[in-house]
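> Residue numbers (my numbering): 2 to 284.
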């Protein structure tokens with residue numbers, strides 16, 4: 002897709018990943034708007050808009066000329082009604098407030114939470130979704146609703162993100178409050194936040210994208226291997242044996258479609274980036 006000055010992107014839910022997307026698009030000369038519930042200062046040359054996706058009236062005065070939408074809000078609470086209000090209803094409210102005839106691309110940032118348990122088998126875009134929890138159910142509903150609209154849409158299902166400012170796991174490891182299943186492999190899938198942002202920017206520019214992509218790194222790891230590696234770097238106690246995380250599902254995510262689209266990960270194996278993260282965080 003050729004980039005022209007007329008391209009104006011709205012990042013709805015411009016939090017941590019959204020601000021990284023905004024910065025990368027600004028470097029490419031895009032006009033970037035970020036939407037959040039509360040007023041925020043401008044991000045570089047990006048204008049920040051205060052609006053509530055669950056309130057259609059707050060979206061009545063959006064700027065004109067929006068050609069791209071990246072939809073990635075974060076609910077305030079982990080409750081089904083909240084998720085539906087923010088994702089499915091919020092996306093509908095936003096698109097009703099826009100001139101959809103101008104939209105060249107609508108990207109919904111979803112989650113691999115739409116998949117269930119696959120006993121450690123590989124999962125890709127062709128694997129049937131079977132959400133084990135309400136969050137995945139609502140996201141799958143939202144994906145289906147968007148796919149039924151007559152719009153140039155892309156859905157990106159991201160795996161668990163890690164990166165700067167996400168130090169909760171480090172603290173729990175240091176406190177000896179982490180357990181992992183050790184009797185059989187329980188696979189975990191991660192993606193660095195910078196790679197997640199770069200993948201979304203890449204797909205915004207892609208001339209002929211597929212309707213669905215998985216966003217994850219090249220190296221699914223058994224949870225005990227991942228956490229043992231982190232514990233060694235931290236000098237923390239080795240995590241004890243314990244139950245697998247509930248409602249996550251044991252699976253290995255395959256990112257071949259994203260890589261074959263021409264995207265290159267900066268951090269294909271999380272083990273090689275953890276040391277840099279720990280150094281940045283002064284651990």
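Every residue gets a Cβ at the ideal spot worked out from N, C-alpha and C, and that includes glycine.
Please read these numbers as outputs of a predicted model, since none were measured by experiment.
In this structure, does DSSP put residue 97 in helix, strand or coil?
Counting from one through the chain shown, the residue named residue 97 turns up at place 96. Residue 97: helix per DSSP, three-state reduction.
> Mind checking which residues open and close the beta strand (DSSP E) that includes residue 111?
Stepping through the chain shown from its first residue, residue 111 is reached at position 110. Where residue 111 is concerned, the enclosing beta strand (DSSP E) stretches over 106-112.
> Quick one: what does DSSP say residue 137 is sitting in, helix, strand or coil?
Locating residue 137 in the chain shown gives position 136, counting from the first residue. If DSSP states are grouped into helix, strand and coil, residue 137 belongs with the helices.
> Quick one: what's residue 157 bridged to in DSSP?
Looking up residue 157 in the chain shown gives position 156. According to DSSP, which records beta bridges pairwise, residue 157 is partnered with 110, 214.
> Can you tell me the Cα-Cα spacing of residue 274 and residue 210, whole angstroms?
Position 273 of the chain shown holds residue 274. Position 209 of the chain shown holds residue 210. Answer to the nearest angstrom: the Cα atoms are 29 Å apart.
> With residue 22 as the anchor, note down where its alpha helix (DSSP H) starts and where it stops.
Indexing the chain shown from 1 puts residue 22 at position 21. Note, residue 22: alpha helix (DSSP H), 17-28.
> According to DSSP, is residue 115 helix, strand or coil?
In the chain shown, the residue the question calls residue 115 occupies position 114. Here residue 115 sits in helix by DSSP.
> Of all the options 276, 28, 7, which has the alpha carbon lying nearest to the alpha carbon of residue 165?
Residue mapping note: residue 165 aligns to position 164 of the chain shown, counting from 1. The candidate whose alpha carbon is nearest that of residue 165 is 276.
> Kindly indicate which three-state DSSP category residue 166 falls into: helix, strand or coil?
As a position in the chain shown, residue 166 is number 165, starting the count at 1. It is coil, neither helix nor strand.
> Which residue or residues does DSSP assign as beta-bridge partners of residue 180?
Residue mapping note: residue 180 aligns to position 179 of the chain shown, counting from 1. According to DSSP, residue 180 bridges with 241.
> Give me the residue from 232, 231, 229, 198 with the minimum Cα distance to residue 216.
Position 215 of the chain shown, counted from the first residue, corresponds to residue 216. Residue 216 has its Cα closest to that of 198, out of 232, 231, 229, 198.
> Considering only heavy atoms of the ligand ADP, does any lie closer than 7 Å to the CB of residue 244?
In terms of ligand content, the structure shown is empty, and the ligand ADP therefore cannot be addressed.
> Taking the CB atoms as reference points, tell me whether residue 52 and residue 26 lie closer together than 8 Å.
Locating residue 52 in the chain shown gives position 51, counting from the first residue. Locating residue 26 in the chain shown gives position 25, counting from the first residue. Contact: no.
> Which residues in the same chain have their Cβ closer than 6 Å to the Cβ of residue 168, if we skip the five residues on either side of it in sequence?
Working through the chain shown from its first residue, we reach residue 168 at position 167. Around residue 168: 282.
> From residue 137 to residue 88, what distance separates their C-alpha atoms?
For this step, residue 137 is matched to residue 136 along the chain shown. For this step, residue 88 is matched to residue 87 along the chain shown. In a straight line, the C-alpha of residue 137 is about 11 Å away from that of residue 88.
> So, are the CB atoms of residue 270 and residue 192 less than 8 Å apart?
Taking the first residue of the chain shown as position 1, residue 270 is located at position 269. Taking the first residue of the chain shown as position 1, residue 192 is located at position 191. No. Outside cutoff.
> Under the three-state reduction of DSSP, which class applies to residue 50: helix, strand or coil?
Translated into positions along the chain shown, residue 50 becomes position 49. Strand.
> Among all the DSSP beta bridges, which residues are the ones paired with residue 12?
Your numbering for residue 12 matches position 11 in the chain shown. For residue 12, which the question treats as bridged, DSSP gives the partners 35, 71.
> Could you pull out every residue in the same chain whose Cβ sits closer than 6 Å to the Cβ of residue 194, ignoring the five residues on either side in sequence?
Position 193 of the chain shown holds residue 194. Once the five neighbours on either side are set aside, the close Cβ partners of residue 194 are 18, 162, 164.
> Below 8 Å CB to CB, which residues in the same chain sit around residue 279 once its five sequence neighbours on both sides are set aside?
If you number the chain shown from 1, residue 279 lands on position 278. Hits under 8 Å: 171, 234, 235.
> Just checking, does the segment 138-149 make contact with the segment 78-97 on the three C-beta pairs under 8 Å criterion?
They touch, by the three-pair rule.
> Taking the alpha-carbon of residue 208 as reference, which of 173, 76, 262, 180 has the nearest alpha-carbon?
The count along the chain shown starts at 1 and reaches residue 208 at position 207. That would be 262, whose Cα lies nearest to the Cα of residue 208.
> Mapping DSSP to helix, strand and coil, what is residue 146?
As a working mapping, residue 146 is identified with position 145 in the chain shown. Three-state DSSP puts residue 146 in a helix.
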